[in-house]
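Following the working numbering, the numbering of the sequence shown begins with 1 at its first residue and continues without gaps. Reviewing the structure listed below.
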Amino acid sequence: MTNSHAANAASEHTPVASILGIEVDALTMDESVALLRQNTLAGKRTFVVTANAEIVMMAHENKAYGDLLRHKADLVLPDGAGTVWAGNYLGYRVPERVAGYDLYLRLLKEAARHDLPVYFFGGTPGIAEAAAEEGRKRWPGLRVVGCRNGYFQAEEEEGIVEAINASGAKMLFAALGAPKQEQWLDRYADRLRPSLLMGIGGSFDVLAGKVQRAPKWMQDARLEWLYRLLKQPSRLGRMMALPKFVLAVRREKSQKK
1 MTNSHAANAA SEHTPVASIL GIEVDALTMD ESVALLRQNT LAGKRTFVVT ANAEIVMMAH
61 ENKAYGDLLR HKADLVLPDG AGTVWAGNYL GYRVPERVAG YDLYLRLLKE AARHDLPVYF
121 FGGTPGIAEA AAEEGRKRWP GLRVVGCRNG YFQAEEEEGI VEAINASGAK MLFAALGAPK
181 QEQWLDRYAD RLRPSLLMGI GGSFDVLAGK VQRAPKWMQD ARLEWLYRLL KQPSRLGRMM
241 ALPKFVLAVR REKSQKK
């Protein structure tokens, strides 16, 4: 994949917010779902990244990862209150958060409705299968045509690509965590046959009921990050990216003046 993000799979008219050098597509959830449904039904390749503040900061600090988001991803969506805040603070209009987990669920619903086979790749052993089972309960008719955990050696990757392609999947969801999931999808993008390629972090764990999301009031109050931290204190090191992100965005705005 050599296309630039400026000529991505979204549309020439998609509004974009530039945040720390990363172009984020300022779409709503409904617009994102409609676009990805349309592209998948048409067999049009779309490599999706849902970018929260941590991912944008990672891309800002890591040139290779930043280049991947800038030049390889077809759609970079604002996953997280931090990304929405940054875009609006810098003078763009970012209408709402497009949370990766919520987008994943919406796409599974579309897959069931339009008979689009899906593949679950990643997570601990058995978690993709558990997520697939729950998905079939929620959306009768959902066809999960393959599951593979995220524990593998380099020499197994060719076989994983072959299994995904042989499954006939139209949507591939990779739960390997950032940046690994985006790097893996980019590495094999030219060979993978599914139309939709999307990294979804820990979404299998949530769908399978192994991890609980924050209560809706905390999500609405933009405090989901705090809930995660309280539940998983080990995330404290990763959370340090948030104040760094805020400072970097404020610095970017001051430099624009």
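From the three backbone atoms N, C-alpha and C, an ideal C-beta is built for every residue, glycine too. Note that the coordinates shown come from a computational prediction; the quantities given were computed from them, not determined experimentally.
Along the length of the segment 66-127, whole beta strand (DSSP E) runs at least 3 residues long occupy 75-78, 118-122, reported in chain order. Its chain contains R37 as the residues whose beta carbon lies nearer than 6 Å to that of E110, once the 5 sequence neighbours on both sides are disregarded; these appear in chain order. W184 is the residue among W184, R138, E134 whose C-alpha sits nearest the C-alpha of Q153.
Bounds of the beta strand (DSSP E) holding S18 are 16-19. Shortest Cα-Cα distance from I22 to any of H71, M29, D30 involves H71. V145 and Q181 have their C-alpha atoms spaced approximately 20 Å apart. Looking at the backbone, the Cα of P95 and that of E155 are separated by about 43 Å. The Cβ neighbour count for L247, taken over all protein chains shown within 10 Å, is under 16; the residue is labelled exposed. Note on geometry: alpha-carbon atoms of K210 and Y151 lie some 18 Å from one another. In the displayed model, T28 falls within coil according to three-state DSSP, outside both helix and strand.
The beta-carbon separation of V48 and D74, rounded to 7 Å, stays under the 8 Å limit for a contact.
Distance from the CA of D25 to the CA of R250, rounded to the nearest whole angstrom, comes to 20 Å. Counting every other CB atom within 10 Å of its CB across the protein chains shown gives E31 a total of 16 or more, marking it as buried.
Rounded to the nearest angstrom, the Cβ distance from K216 to S195 is 32 Å, too far for a contact under 8 Å.
Here the alpha carbons of L142 and T124 stand approximately 22 Å from one another. Secondary structure note for R187: its alpha helix (DSSP H) is the uninterrupted segment 180-187.
Residue range 241-256 is occupied by the alpha helix (DSSP H) that includes L247, with no beta strand (DSSP E) assigned at that position. Using a Cβ distance threshold of 9 Å, L108 and G135 count as a contacting pair.
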